[in-house]
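Structure record follows, encoded as structure tokens.
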Amino acid sequence: MKTPAERFQHILDNFRGTQEEFGNTIQKSRQLIGAYATGKRVIPEATALVIELVHGYNKEWLLKGIGPEKTQLTNPINALNRKDSDRRLIQKINARDGIVEIIEDLLRLSAKETETIHRAIKSIIRKGKN
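Using the UniProt record's numbering, you'd call the opening residue of the sequence shown number 1 and step up by one each time.
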């Protein structure tokens, strides 16, 4: 794909919906979406940024063909939620004495050893629920 229009058409081809529905996701008319796809209109940088934030396509890739097609951050709201849940998990780990050391020890084990420990922990948890 050599042009922004071709890359934009690729995005549309991968969207599960009509041009009008895609336009609704980025607040653009069906006519404008069609014009971007055919190259009759230049895709503004602001529109490319909205496409990146809403659909996860790299703005630089769309406009210039530079970098990966998809961004690492496909949805900023999901990323914020992940960061918040990560923060809560770290707080829980730090709140319990000895947990950090246990995690550090687990990281030294092989995958097979870790799985054995994990099964043992699950077994203890199941017994505790009975």
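Here a beta-carbon is modelled for each residue, glycine too, at the ideal position from N, C-alpha and C. The structure displayed is predicted, hence computed values, not measured ones.
(request) Measure the C-alpha to C-alpha separation of residue 20 and residue 95 and round it to an integer number of angstroms. (result) Working through the sequence shown from its first residue, we reach residue 20 at position 20. Working through the sequence shown from its first residue, we reach residue 95 at position 95. When rounded, the distance between both Cα atoms is 50 Å.
(message) Tell me the rounded alpha-carbon separation between residue 57 and residue 17.
(response) Within the sequence shown, numbered from 1, the residue matching residue 57 stands at position 57. Within the sequence shown, numbered from 1, the residue matching residue 17 stands at position 17. Taking the straight line joining both Cα atoms gives about 17 Å.
(request) Specify whether the stretch 83-102 and the stretch 34-51 touch according to this definition: at least 3 beta carbon pairs, one from each stretch, less than 8 Å apart. (result) no
(request) Using alpha carbons as the reference points, say which of 51, 128, 113, 120 lies closest to residue 10. (result) Against the sequence shown, residue 10 aligns to sequence position 10. Checked all of 51, 128, 113, 120; the closest Cα to residue 10 is 51.
(message) Considering just the uninterrupted stretch of the alpha helix (DSSP H) at residue 58, what are its terminal residues?
(response) Position 58 of the sequence shown, counted from the first residue, corresponds to residue 58. Neither: residue 58 is in no alpha helix (DSSP H) and is coded neither H nor E.
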